[in-house]
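Here is the structure we will look at.
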Amino acid sequence: MLLLHLPISLYPCPSVSKNFLGYARMNSSPQIEPAGTEADFRIDGHVDVLYQMFESKSNVPFEELSDGAVTLEKMKSAGVAAAVFAFYCPDFHNGAGSAGFLSKLLDYAEQYLTGLVHIKSAKDLNNCISQKEPGMIWLIENADCLLEFDRGRLAQAGIRVAGLTHMGKNRIGDGNNVPFPEGLTSEGKALVKELAKEGLAFDAAHLADPGFRDLTRIYEGPLISSHTGVRALSNIPRNLTRSQVAIIIERKGVIGIAADPKMLATSGEASIDDVFRHIDWIAQSFDVDSIGIGTDFCGFFTPNAGFEDITRLSSLARIMSENGYPEPAIKKIMGGNWRVFYEKLFRQG
Numbered sequence: 003m004l005l006l007h008l009p010i011s012l013y014p015c016p017s018v019s020k021n022f023l024g025y026a027r028m029n030s031s032p033q034i035e036p037a038g039t040e041a042d043f044r045i046d047g048h049v050d051v052l053y054q055m056f057e058s059k060s061n062v063p064f065e066e067l068s069d070g071a072v073t074l075e076k077m078k079s080a081g082v083a084a085a086v087f088a089f090y091c092p093d094f095h096n097g098a099g100s101a102g103f104l105s106k107l108l109d110y111a112e113q114y115l116t117g118l119v120h121i122k123s124a125k126d127l128n129n130c131i132s133q134k135e136p137g138m139i140w141l142i143e144n145a146d147c148l149l150e151f152d153r154g155r156l157a158q159a160g161i162r163v164a165g166l167t168h169m170g171k172n173r174i175g176d177g178n179n180v181p182f183p184e185g186l187t188s189e190g191k192a193l194v195k196e197l198a199k200e201g202l203a204f205d206a207a208h209l210a211d212p213g214f215r216d217l218t219r220i221y222e223g224p225l226i227s228s229h230t231g232v233r234a235l236s237n238i239p240r241n242l243t244r245s246q247v248a249i250i251i252e253r254k255g256v257i258g259i260a261a262d263p264k265m266l267a268t269s270g271e272a273s274i275d276d277v278f279r280h281i282d283w284i285a286q287s288f289d290v291d292s293i294g295i296g297t298d299f300c301g302f303f304t305p306n307a308g309f310e311d312i313t314r315l316s317s318l319a320r321i322m323s324e325n326g327y328p329e330p331a332i333k334k335i336m337g338g339n340w341r342v343f344y345e346k347l348f349r350q351g
């Protein structure tokens with residue numbers, strides 16, 4: 003059994019165990035990554051680059067961007083094999099017009115998200131990893147738009163994951179900023195069942211607690227939370243409770259720890275050490291097999307000290323190594339777990 007590192011933070015973690023539980027459990031299962039050139043790939047489970055480009059009315063293709071937390075050159079420099087690009091539909095579009103907004107966003111993405119392989123299959127993903135050619139996976143953030151959207155176009159776009167809400171209330175249910183949240187609506191429950199039959203999985207990020215409970219009652223498939231923290235360390239409705247973490251792990255999903263300081267610390271200020279603290283809490287409370295990174299880069303404004311852009315993923319890996327994490331565990335967290343999730347999801351389709 004690996005000896006536990008000393009805490010790197012002054013924040014108390016009374017529920018953290020005295021042994022690194024992930025190490026023993028991890029060694030009882032096969033390695034995720036094959037030996038050789040694929041070993042050091044990384045996957046970011048949530049970035050908001052698309053909406054940032056769209057909202058700024060940028061006509062600069064992604065491959066030509068030089069500024070920002072996520073660019074093609076920075077992805078290559080960081081060894082990022084894939085990033086999950088969120089199709090974020092703001093709450094003010096909720097209603098019958100939201101499908102039209104998603105259509106515009108798709109049109110924009112098809113024109114301007116250049117220089118990346120559009121990953122729609124397990125083969126695409128594995129080629130990006132083996133050939134070190136960065137790719138993108140598409141995800142819906144706020145599925146209100148899917149109540150009317152053409153499912154044929156959704157399938158053609160290769161979108162296989164949907165987040166049901168953003169922060170507010172929509173026709174599906176309530177997001178994390180609704181003061182007195184309720185569960186999923188009848189429309190929302192029907193949509194979940196329809197999308198599940200079509201092979202989609204669900205992202206619980208932003209979903210209020212009653213909606214999370216309803217989702218897990220009517221849907222038995224894999225769940226993720228693409229960008230989040232844990233309430234044990236930052237007690238806000240946006241983050242996952244211990245029981246929610248356990249459910250996602252039981253469902254063979256992935257929890258993407260974000261870089262957004264608002265999720266990592268109630269003060270609203272955070273550093274890369276806080277990202278590690280949230281990772282470490284899950285690793286020690288459960289294991290490493292469902293932990294990933296979902297930075298949410300380009301989706302927040304307050305910088306994270308030491309984790310300012312996607313190139314700093316290497317710094318996060320180094321912190322894990324310095325705190326006693328074995329290399330196979332680090333590789334799972336930095337991309338291996340996302341790979342397993344998306345490989346299985348694509349193959350089921």
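Sequence positions in the sequence shown follow the numbering used here and run 3 to 351. Ideal Cβ positions, reconstructed from N, Cα and C, are used throughout, including at glycine. All of these numbers come straight from a predicted model, not from anything done at the bench.
Ranked by Cα distance from residue 292, the first of 271, 250, 275, 302 is 250.
Sequence-distant Cβ neighbours of residue 343 in its own chain, meaning closer than 6 Å and more than five residues away, are 256.
It is roughly 30 Å from the alpha-carbon of residue 259 to the alpha-carbon of residue 155. Within a 10 Å sphere around the beta-carbon of residue 109 sit fewer than 16 other beta-carbons, which makes this residue exposed.
Non-local C-beta neighbours of residue 202 in its own chain, meaning closer than 8 Å and more than five positions away in sequence, comprise 161, 162, 163, 164, ordered along the chain.
Sorting 64, 171, 266 by C-alpha distance to the C-alpha of residue 305 places 266 at the top. In this structure, DSSP gives residue 176 an extended state, which the three-state scheme calls strand. Beyond the five residues adjoining it in sequence on each side, residue 44 comes within less than 7 Å, by CB distance, of 80, 81, 82, 83, 315, 336, 337 in the same chain, given in chain order. Rounded to the nearest angstrom, the Cβ distance from residue 166 to residue 190 is 7 Å, consistent with a contact under 8 Å. Counted as a single uninterrupted DSSP element, the alpha helix (DSSP H) harbouring residue 219 occupies residues 211-220. Excluding the 5 residues flanking it on each side, residue 187 has same chain C-beta neighbours closer than 8 Å at 173, 174, 175, in chain order.
For residue 44, the enclosing beta strand (DSSP E) covers residues 44-49. When DSSP states are grouped into helix, strand and coil, residue 60 belongs to the coil group. Collapsing the DSSP output to three states places residue 78 in a helix.
In the three-state reduction of the DSSP assignment, residue 184 falls in the coil class. Taking 8 Å as the upper bound for CB-CB distance, residue 141 and residue 205 are in contact here, some 6 Å apart.
Non-local C-beta neighbours of residue 138 in its own chain, meaning closer than 8 Å and more than five positions away in sequence, comprise 84, 85, 86, 87, 115, 118, 119, 120, 121, ordered along the chain. Unbroken alpha helix (DSSP H) runs of no fewer than 4 residues, entirely contained in the stretch 196-277, are found at 211-220, 244-252, 263-266, following chain order.
With distances taken between CA atoms, residue 322 lies nearest to 277 out of 93, 277, 112, 47. DSSP places residue 104 inside the alpha helix (DSSP H), whose first and last residues are 100-114. DSSP, read as helix, strand or coil, puts residue 90 in strand. Residue pairing by DSSP places residue 139 opposite 86 in a beta bridge.
For residue 293, the enclosing beta strand (DSSP E) covers residues 293-295. Residue 73 sits buried, since 16 or more C-beta atoms from the chains shown fall within 10 Å of its C-beta. Look at residue 97 here: in three-state DSSP terms it is coil, with no helix or strand label.
Excluding residues up to 5 positions away in sequence, 48, 207, 258, 260, 296, 298 lie with their Cβ nearer than 6 Å to the Cβ of residue 229 in the same chain. The three-state reading of DSSP puts residue 299 in strand, counting E and B together. Of all alpha-carbon atoms in 56, 132, 112, 145, the one lying nearest the alpha-carbon of residue 99 is that of 145. Under DSSP, residue 120 shares a beta bridge with 138.
Sixteen is the threshold: since fewer than 16 other Cβ atoms of the shown chains lie within 10 Å of the Cβ of residue 307, the residue is exposed. Between the C-alpha atoms of residue 269 and residue 284 there is a straight-line separation of about 21 Å.
The Cβ atoms of residue 274 and residue 317 sit closer than 8 Å to each other. Residue 185 and residue 211 have their C-alpha atoms roughly 8 Å apart. The residues 221, 223, in chain order, have a CB closer than 7 Å to that of residue 198 in the same chain once the five nearest residues on each side in sequence are set aside.
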